[in-house]
Amino acid sequence: MVVATAAVLVLSNGASVALADDAASPTTTVPKAAKSKNTEYATALANYRAEVKEYNEAKKAIFKTFQDATKAANATRKSAREAATTDQAKKDAMTAFQSAMSAATSARVAALAALGNPPNKPTR
909 MVVATAAVLV LSNGASVALA DDAASPTTTV PKAAKSKNTE YATALANYRA EVKEYNEAKK
969 AIFKTFQDAT KAANATRKSA REAATTDQAK KDAMTAFQSA MSAATSARVA ALAALGNPPN
1029 KPTR
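Here this note's numbering is used: the first residue of the sequence shown is 909, the next is one more, and so on.
This is how it looks when you write it as C-alpha cells:
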C-alpha cells in the first residue's frame, strides 16, 4: 500500500511538471493592438504639432498686422500734430488716431475670433 501511494505521488507531480512545460512561456513582444495604438497616437501627435505650428504662425501674423497698424496710426498722429496750428486741428488729429486704433483693435479681435481656439492635444 505504501509503495502504491508513493507511486501515485510521484506520477502526479511528474504529470503537473510535464503539463507546465507545455504551457506557453511569457513573451517580451508587444501585442499588435498596442503597436497600432502607439502608431495612431504618434500620427495624431505629429498632426497636432503641425496644427499648433500653423495656429501660432497665424496668430503671429495677426499681431504683426495689428502692430503695423498701430505704428502707422501713431506716425500719422505725430505728423498731423506737428502740422496742426490750432487746438481744433490737434483735436482732429487725436480723434483720427483714436478711430484708427479702434479700427485696428476691432480687426485684431475679429481675426482672433476667426482663428478660433488652439488645437487640442491628442490623448492616448
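Cβ coordinates follow ideal geometry from the N, Cα and C atoms, glycine included.
- Contact between THR984 and ALA1008 holds, since their C-beta atoms are separated by about 7 Å, short of 8 Å.
- Using a 10 angstroms sphere on the CB of ALA1001, the tally of other CB atoms reaches 16 or more, which defines it as buried.
- Rounded to whole angstroms, the separation of the alpha carbons of VAL1017 and ALA997 is 30 Å.
- Judged by their CB atoms, ILE970 and ALA1012 are not nearer to each other than the 9 Å cut-off.
- Cβ-Cβ separation between TYR963 and PRO1026: approximately 5 Å, consistent with a contact (criterion under 8 Å).
- If the five residues before and after LYS1029 are omitted, its C-beta is found closer than 6 Å to the C-beta atoms of TYR956, all from its own chain and listed in chain order.
- Rounded to the nearest angstrom, the Cβ distance from ALA988 to ALA1004 is 7 Å, consistent with a contact under 8 Å.
- Rounded to the nearest whole angstrom, the C-alpha separation of LYS945 and ARG1032 is 8 Å.
- For ALA954, same chain residues with a beta-carbon under 6 Å away, outside a window of 5 residues either side, do not exist.
- For ALA977, the CB contacts under 6 Å within the same chain, skipping 5 residues up- and downstream, are ALA1012 in chain order.
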